[in-house]
Structure formats: structure tokens, C-alpha cells
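Beneath this line is the structure, given in C-alpha cells, with notes to follow.
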Amino acid sequence: MYDLIGDIHGHADALTRLLTTLGYTQRQGVYEHPQRQAVFLGDFIDRGPKIAETLAIVRPMVEAGQALSVMGNHELNALAFHTPHPTDTGNHLRPHNDKNARQHAETIRQLSRDELASALAWFRTLPLWLDLGGLRAVHACWDPSRMAMIEGPVTDDFLREACLPEGSLLEPVEAILKGKQIRLPEGTTFFDKDGHQRSFTRAKWYEPPHGHTFSSYAMASEPIASTAALPAEVLETAVPYPPNDKPVFVGHYWLSGSSPTLLRDNVACLDWSVAKGGFLCSYRWDGEQTLSAEKFVWTQSS
Ligand SMILES: [Mn+2]
């Protein structure tokens with residue numbers, strides 16, 4: 043059975059405590075559990091104080107078969123940040139502007155050149171989603187229509203198509219790794235947790251959009267003041283997650299609260315903002331198709 047673990051962002055001490063709480067012990071330097079396997083939801087790097095240490099825990103677990111992992115948007119962003127632009131000499135697939143450089147700064151500061159190169163090579167091996175029989179894991183959004191468009195190993199060519207503005211894989215890969223975004227009504231913006239002014243919000247992609255306003259269809263971590271009805275385009279193109287499908291686990295959404303809650307009976311987000319004073323969250327899954335909030339296990343960030 044599986045223990046699903048949310049976004050770590052360099053908080054290796056919280057990860058060590060969580061694994062210990064879950065009953066994992068180190069053998070020859072690799073955390074393992076006699077009956078269980080961990081499933082990481084991505085976003086190992088950026089922001090936190092112990093990024094190399096985090097990778098030194100997670101990667102050996104995956105390579106030894108003690109864990110599985112999907113790619114997070116921060117791993118994809120890192121690959122794009124360090125992959126040269128095909129025509130714009132000296133630039134990269136992800137521009138080195140202030141916002142992008144700041145988001146990635148701690149990883150560059152904490153990892154040596156060799157450690158970074160090694161980490162990037164490993165990120166390329168991570169699948170964008172996992173369908174494990176009784177459950178599914180993806181960093182931000184499960185959408186079979188987008189997944190059907192995505193194929194193949196993460197080569198430079200794949201990264202160009204997935205990360206450049208004109209790339210053929212940009213829309214589906216962003217949907218899977220960054221979630222569904224909705225443009226807010228003209229003149230409406232809000233400030234996200236990093237202080238960036240945004241005219242898009244992250245949607246509750248798993249919910250049918252009918253009957254929702256912008257405010258009620260935005261993820262709880264994004265307080266949108268607009269009670270305007272959703273535009274027809276959102277109603278027509280939404281791919282909600284079927285209530286009878288197997289449970290799906292995501293990270294990504296910077297949720298906050300005194301203790302974790304489910305998004306729905308078969309949808310759980312395990313990102314509870316460890317990198318912003320929240321906690322590192324896991325879910326102990328034992329085969330159940332209806333999830334229970336009693337099965338969250340978490341640890342504070344400090
Ligand atoms: Mn994250």
C-alpha cells in the first residue's frame with residue numbers, strides 16, 4: 043500500500059520527521075518500510091533551506107524502488123530554466139527574468155554545479171502522472187483529454203514543445219503540472235502569496251463548473267472577490283473529475299488550515315504549505331476508494 047507525500051520544497055527535516063512518523067527507517071542510507079511504498083507528488087526543490095538533503099532522501103528511495111514519484115512544476119521549470127533556447131542564443135526555455143530567477147534562487151545557491159546537473163538528469167526520468175491501479179497521482183490536475191496529447195521521454199525536444207509559448211505541448215503540460223487557470227473578469231485582479239498581482243485564478247478543476255461563480259470555483263487558497271458567473275468557455279471546456287473514479291492525489295495548491303481536509307471523497311491535495319509555515323502532509327492509503335480525512339498524517343515545518 044502507498045503513503046502519498048505532498049510538496050516538500052527543501053524542507054528535509056520535516057520530511058525526515060514525517061517518514062519516521064510513518065514508520066520508515068533507514069537501511070544503508072535509504073528510507074524504507076517493510077509493507078509500504080511512498081509516492082511523492084513532486085516539488086522537491088526551491089524555497090526551502092535543505093534542498094540537497096531533500097533530494098538525497100527522495101531520489102535514493104525512488105531508485106531503490108521504495109518510492110515512486112511524479113514531476114512537479116518546479117522540476118519542469120528547473121529543466122526549462124537550464125535548457126538553452128533553440129534560436130535565441132544565450133537565453134533559455136524559461137527566461138531568466140527576476141520572477142523566475144527568484145523562484146529558483148535557493149536551488150542554485152544550495153546545490154553545487156554537479157549536484158544541480160545530477161538533479162536535472164533525474165528530473166527528466168520522472169513521469170508526469172501515475173495511474174497505480176487503485177489510485178492516481180499527479181502534481182496539479184488529472185485530465186485524460188490532456189494526458190492523451192502528451193507522450194514520450196522528457197528530451198530537449200519535449201521541453202521545447204512543453205515550455206516555449208508556441209510549443210504544441212504547452213497547454214496540456216501546464217494543465218497537468220500547474221492546473222487549470224481561469225482569466226478573471228475584466229478589471230479584477232488579486233495578489234497571490236508571493237505578492238504577484240494576478241489576473242488568472244487556479245480553478246477547482248475537479249468540480250463541475252455549472253452553478254459556480256469565480257469566487258466559488260477558485261481554489262480555496264486564492265480568495266477571489268468576484269461573484270460573477272463563469273464564462274461559457276469555462277462551462278464548455280471543463281473536464282471535472284468523475285465522482286466514481288478511483289481516488290486522485292495532487293499537490294501544488296498551497297492550502298492552509300489547522301489540519302488537512304479533503305477536496306472531495308475521491309480528490310485530495312497534499313500541499314499544505316510547508317514552505318510557508320504550514321505543514322508537510324501525507325495520506326496513508328490502504329486501498330479505500332472513498333478517502334477519509336482521518337488518514338492524513340502531517341508534520342509541522344519547523
Ligand atoms: Mn509546490
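Numbering-wise (my numbering), the sequence shown opens with residue 43 and increments by one. For glycine and all other residues, C-beta sits at the position ideal for the given N, C-alpha and C.
Of P265, P214, S187 and A122, the smallest CA-CA separation from K235 is found for P265.
With a cut-off of 7 Å, the C-beta of G319 is classified as distant from ligand 1, since no heavy atom of the ligand falls inside that distance. Shortest Cα-Cα distance from E208 to any of T332, H127, Y73 and L57 involves H127. Just so you know, the alpha carbons of T255 and Q223 end up roughly 14 Å apart. Beta-bridge annotation (DSSP): R244 is paired with Q223. What you get when you keep residues with a C-beta closer than 5 Å to any heavy atom of ligand 1 is D49 and D85. Contact annotation: A56 and L312 have beta-carbon atoms that are not nearer than 8 Å.
The Cβ atoms of V112 and P169 lie closer than 8 Å to each other.
Proximity to V196 across C183, A106, G65 and N119 peaks at N119, based on C-alpha coordinates.
Assignment of beta-bridge partners to Y283 by DSSP yields no partner. The residue among A267, E193 and L135 with its C-alpha nearest the C-alpha of T125 is L135.
Non-local beta-carbon contacts of S263 in its own chain, meaning distances under 7 Å to residues more than five positions away in sequence, involve Y295, W296, L297 and S298 in chain order.
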